[in-house]
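Encoded as structure tokens, the structure appears first; notes follow it.
Residue numbers (the numbering used here): 1283 to 1524.
Structure follows, in structure tokens:
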């Protein structure tokens, strides 16, 4: 049963990769589109790299903002993966190569996130920006490679200790978004292969789980003490001190 649900979950991600409805999969997905996507569209420019790109769901949504969209992942999931490798050692990429970098829900899976962020700093041009999305509340996933959760203070320290200037950090979602994501994942994974049931479950999930959970979190959790996660934007100094 567990393997069947996992297989269906992977199929959902593939089926929804380019769909405008992808954001409604769960409150956690919706939060990413409501918070991370606007920040990416505001800050990404020029030559950009998506680190830990997965199925590249945001590639087309940023096409009008960037001149080049490169990608890196641990495996070549498609022929659009530019580099196959570990984010902690991107020696195949020269110093100061990119204007922007995107790193979404990746650092929790890295045994040494500090080294990963150092490498991001290295490959960015002076004045370049990185948009980082990390979880604060999350179940164990992609085991055994699930190592960390981040507070707003931990993310800020991680970025600043590697030489970045933090421009802003925004919370995304809250406790209801976290719980709703579990409901959405189980519900949709259970019925996805079944025509009719899939559409019914999607409709109910969109209107009774995804949007209500996110909206309630947005209304009542202003402090971010129970944030689902955070999105940080940081800039490499325009001129490095020698």
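For glycine and all other residues, C-beta sits at the position ideal for the given N, C-alpha and C. Please read all numbers here as calculations on a predicted model, not as lab measurements.
Using only the alpha-carbon positions, how far apart do residue i and residue j sit?
i	j	result
residue 1391	residue 1428	5 Å
residue 1406	residue 1381	6 Å
residue 1525	residue 1288	This structure cannot speak to residue 1525, because the chain is shown only from 1283 to 1524.
residue 1330	residue 1308	27 Å
residue 1313	residue 1306	10 Å
residue 1311	residue 1464	12 Å
residue 1356	residue 1327	24 Å
residue 1394	residue 1436	14 Å
residue 1479	residue 1473	6 Å
residue 1321	residue 1342	15 Å
residue 1573	residue 1396	This structure leaves residue 1573 out entirely; the chain is present only between 1283 and 1524.
residue 1398	residue 1504	30 Å
residue 1299	residue 1354	17 Å
residue 1502	residue 1462	16 Å
residue 1365	residue 1376	12 Å
residue 1317	residue 1297	23 Å
residue 1325	residue 1367	25 Å
residue 1430	residue 1302	30 Å
residue 1284	residue 1323	37 Å
residue 1519	residue 1378	12 Å
residue 1542	residue 1451	For residue 1542 there is no data in the structure shown, the boundaries of the chain being 1283 and 1524.
residue 1374	residue 1358	15 Å
residue 1385	residue 1319	12 Å
residue 1286	residue 1442	42 Å
residue 1362	residue 1497	35 Å
residue 1372	residue 1304	30 Å
For residue i, does the three-state DSSP call read helix, strand or coil?
i	result
residue 1516	strand
residue 1380	strand
residue 1450	strand
residue 1413	strand
residue 1385	strand
residue 1365	strand
residue 1406	strand
residue 1506	coil
residue 1445	coil
residue 1524	The predicted model places residue 1524 with a pLDDT of 42, which falls under 50 and marks its position as unreliable, so this point remains unresolved.
residue 1511	strand
residue 1392	coil
residue 1429	coil
residue 1249	In the structure as shown, the chain begins at 1283 and stops at 1524. Residue 1249 is therefore absent and cannot be evaluated.
residue 1287	helix
residue 1295	helix
How about residue i and residue j: are their beta carbons less than 7 Å apart?
i	j	result
residue 1337	residue 1295	yes
residue 1453	residue 1506	yes
residue 1509	residue 1439	no
residue 1499	residue 1459	yes
residue 1483	residue 1468	no
residue 1292	residue 1333	no
residue 1521	residue 1408	yes
Compare the C-beta of residue i against all C-beta atoms of chain B and say whether one is closer than 7 Å.
i	result
residue 1330	Among the protein chains of the structure shown there is no chain B, as only one such chain exists.
Query raised in the report: Is the stretch 1392 to 1402 close to the stretch 1341 to 1356, with three or more CB pairs under 8 Å?
Result: no
Query raised in the report: Between the stretch 1411 to 1430 and the stretch 1511 to 1518, are three or more C-beta pairs nearer than 8 Å?
Result: yes
Report task. Would you list, in sequence order, the uninterrupted alpha helix (DSSP H) runs of no fewer than 4 residues that lie entirely inside the stretch 1452 to 1492? Result -> 1457 to 1473 and 1479 to 1487
Report task. Tell me, please, whether the stretch 1420 to 1435 touches the stretch 1484 to 1502 by the rule of three or more beta-carbon pairs shorter than 8 Å. Result -> no
Query raised in the report: Mind pulling the alpha helix (DSSP H) runs of 4 or more residues that sit fully within the stretch 1312 to 1357?
Result: 1319 to 1325
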